[in-house]
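Enquirer: Below are the structure tokens for one structure; questions will follow.
2 protein chains.
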Amino acid sequence: MVTTVPYSKEHKQQTRQLILSQAYRLFSSKGFSSVTIDEVMQACSLTRGAFYAHFESKSQLYKEALTFSAFNTALAERKPEDIPAKAWLSHLLDQYLSVAHVSGERPCPLAFLATDVVSRDSGAKAAYTYTYQNMNKVIWHYAQNEVSCTEQDILGLTSMIVGAVAVARNIEDRRLVERILTSCRQQARLILGGI
Amino acid sequence: MVTTVPYSKEHKQQTRQLILSQAYRLFSSKGFSSVTIDEVMQACSLTRGAFYAHFESKSQLYKEALTFSAFNTALAERKPEDIPAKAWLSHLLDQYLSVAHVSGERPCPLAFLATDVVSRDSGAKAAYTYTYQNMNKVIWHYAQNEVSCTEQDILGLTSMIVGAVAVARNIEDRRLVERILTSCRQQARLILGGI
DNA sequence: GTCTATATTGGGATAGAC
DNA sequence: GTCTATCCCAATATAGAC
Numbered sequence: 001m002v003t004t005v006p007y008s009k010e011h012k013q014q015t016r017q018l019i020l021s022q023a024y025r026l027f028s029s030k031g032f033s034s035v036t037i038d039e040v041m042q043a044c045s046l047t048r049g050a051f052y053a054h055f056e057s058k059s060q061l062y063k064e065a066l067t068f069s070a071f072n073t074a075l076a077e078r079k080p081e082d083i084p085a086k087a088w089l090s091h092l093l094d095q096y097l098s099v100a101h102v103s104g105e106r107p108c109p110l111a112f113l114a115t116d117v118v119s120r121d122s123g124a125k126a127a128y129t130y131t132y133q134n135m136n137k138v139i140w141h142y143a144q145n146e147v148s149c150t151e152q153d154i155l156g157l158t159s160m161i162v163g164a165v166a167v168a169r170n171i172e173d174r175r176l177v178e179r180i181l182t183s184c185r186q187q188a189r190l191i192l193g194g195i
Numbered sequence: 001m002v003t004t005v006p007y008s009k010e011h012k013q014q015t016r017q018l019i020l021s022q023a024y025r026l027f028s029s030k031g032f033s034s035v036t037i038d039e040v041m042q043a044c045s046l047t048r049g050a051f052y053a054h055f056e057s058k059s060q061l062y063k064e065a066l067t068f069s070a071f072n073t074a075l076a077e078r079k080p081e082d083i084p085a086k087a088w089l090s091h092l093l094d095q096y097l098s099v100a101h102v103s104g105e106r107p108c109p110l111a112f113l114a115t116d117v118v119s120r121d122s123g124a125k126a127a128y129t130y131t132y133q134n135m136n137k138v139i140w141h142y143a144q145n146e147v148s149c150t151e152q153d154i155l156g157l158t159s160m161i162v163g164a165v166a167v168a169r170n171i172e173d174r175r176l177v178e179r180i181l182t183s184c185r186q187q188a189r190l191i192l193g194g195i
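Note that the protein sequences, when read in sequence, are chains A and B. Each residue of the first sequence is one higher than the one before, starting from 1 at the first, in our numbering. Each residue of the second sequence is one higher than the one before, starting from 1 at the first, in our numbering.
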């Protein structure tokens, strides 16, 4: 019941982080219901029983993994000092609207869990909303004073890039996926008004 | 094993359509895994056992329900003769980008099942892709010759409206939802270039 | 075609040893 | 904290009567 000698506090923290990262990887690719706790723990080279020393339930894991992911997304990365805001924003957009992202590289929870969060509890929805607001904040941070659009216009931009990635994941025709991403890269520039 | 007297062929067809419509209603609101066959059949006032006289499996039902929905979406509605193409397109956009739609009224499968289809089989993905292509075709049909954008630009537009609805469903803050929808209605007009 | 069982599996969660 | 073993419920699918 109580943590004893052979496992240090750091070890528990590390294990917890490992579980969160593997859980997010699996949840983002398959959704809540299709992921089993056994699967998550096996990915961590642990057994199912050990799970409950870290989390109360699968639902709690989901919520925490969602929050965890918000800090590991590409958008959370700090801009290198020597790159201008406009160039960095352009880079972020291209990265988001890339085949690599659609294929699951550093998946954005907003796109990958878009319809999965709906059936979860309010906590998960709150985490989703927070991440969405944060995405808008980050983009506006780089865009403001540089482009000719309002803060409200950013909401349309983020809807578009999230939607593009979410839709593209279901499309097996590679050519169509490319066309969607290309169109959105263009429209994003149109909305921002010159970057 | 074989259909006998007390149930006519039309009766079977009617039952089948009822199952499809109830299934789509449930799938679109909760996703594949969270819907049970029992639930679908209860919504039809039938029992679980009867299901297998109509479909082979839950997966097949999902795929067929997805295809079925494509023919019942608001976008599939015919334009009344006396309404100009531009006005009709404008009406379709406003309807798509409405709180009512986000709340589940005549749900568009592209938005409501955006991340749910990913884990399904190729048949489901093909149905999704077909529906997406069709949405683009319909919008382009009304837009062409009326607006100043290319067919490729429509892909960005549809990504945006699908994304907006998918994202908004997870947000409990009504005010934020309104702001997202408003922004997208504006950006949609911007992309179309004057409607 | 629809019903009432029932077979069977998968997976969340707990118990107790180490 | 992690393991193995187990409980237990939910849900897909089938069998057989009507």
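Every residue, glycine too, gets a C-beta built ideally from N, C-alpha and C.
Comparing alpha-carbon positions, which option in B/157, B/22, B/172 lies nearest residue 189 of chain B?
Expert: It is B/157.
Enquirer: Please state whether the Cβ-Cβ distance between residue 117 of chain A and residue 128 of chain A is less than 9 Å.
Expert: Result yes, Cβ atoms of residue 117 of chain A and residue 128 of chain A sit closer than 9 Å.
Enquirer: Within 9 Å of any Cβ in chain A, is that where the Cβ of residue 98 of chain B sits?
Expert: Answer no: the Cβ-Cβ gap between residue 98 of chain B and chain A never drops below 9 Å.
Enquirer: If you draw a straight line from the C-alpha of residue 15 of chain B to the C-alpha of residue 53 of chain A, how long is it?
Expert: Their backbone Cα atoms lie some 49 Å apart in a straight line.
Enquirer: Which residue wins for smallest C-alpha separation from residue 86 of chain A, given the options A/187, A/142, A/62?
Expert: If we check each option's Cα against that of residue 86 of chain A, A/142 comes out closest.
Enquirer: The alpha helix (DSSP H) spanning residue 185 of chain A covers which residue range?
Expert: Where residue 185 of chain A is concerned, the enclosing alpha helix (DSSP H) stretches over 174–192.
Enquirer: Going by other Cβ atoms of all chains shown within 10 Å of its Cβ, with 16 needed for buried, is residue 112 of chain B buried or exposed?
Expert: It is buried - the Cβ of residue 112 of chain B has at least 16 other Cβ atoms within 10 Å.
Enquirer: Could you pull out every unbroken alpha helix (DSSP H) segment of at least 4 residues lying fully inside the stretch 81–110 of chain B, listed in chain order?
Expert: Segments of the alpha helix (DSSP H) lying fully in the stretch 81–110 of chain B: 85–96, 99–102.
Enquirer: Where does residue 134 of chain A sit, in a helix, a strand or coil, going by DSSP?
Expert: Correct three-state label for residue 134 of chain A: helix.
Enquirer: Residue 136 of chain A: beta carbon under 8 Å from a heavy atom of the ligand MN?
Expert: With respect to small molecules bound, the structure shown includes none, and the ligand MN cannot be examined in it.
Enquirer: Considering only C-alpha positions, which residue in the set B/102, B/33, B/21 is nearest to residue 41 of chain B?
Expert: Per the Cα distances, B/21.
Enquirer: Could you check how far apart the C-beta atoms of residue 114 of chain A and residue 167 of chain B are, in whole angstroms? I think they sit under 8 Å.
Expert: Yes, they are in contact, since the Cβ atoms of residue 114 of chain A and residue 167 of chain B sit about 6 Å apart, within 8 Å.
Enquirer: Between B/145, B/159, B/150, which lies nearest to residue 132 of chain B when the distance is taken from Cα to Cα?
Expert: Among B/145, B/159, B/150, the Cα nearest to that of residue 132 of chain B belongs to B/159.
Enquirer: Out of A/144, A/162, A/108, A/172, point me to the one whose CA is closest to residue 29 of chain A's CA.
Expert: Nearest of A/144, A/162, A/108, A/172 to residue 29 of chain A, Cα basis: A/108.
Enquirer: I'd like to know if residue 155 of chain B contacts chain A, where contact means its C-beta is closer than 9 Å to some C-beta of that chain.
Expert: Cβ-Cβ to chain A under 9 Å: yes for residue 155 of chain B.
Enquirer: Going by C-alpha to C-alpha distance, which of A/147, A/182, A/145, A/37 sits closest to residue 161 of chain A?
Expert: Minimum Cα distance to residue 161 of chain A is reached at A/182.
Enquirer: Of the residues that make up the stretch 89–114 of chain B, which ones have a beta carbon closer than 7 Å to any beta carbon in chain A?
Expert: Listed by position, the residues of the stretch 89–114 of chain B near chain A (Cβ gap below 7 Å) are 110, 112, 113, 114.
Enquirer: Below 6 Å CB to CB, which residues in the same chain sit around residue 38 of chain B once its five sequence neighbours on both sides are set aside?
Expert: Excluding residues within five positions, the ones whose Cβ falls inside 6 Å are 48.
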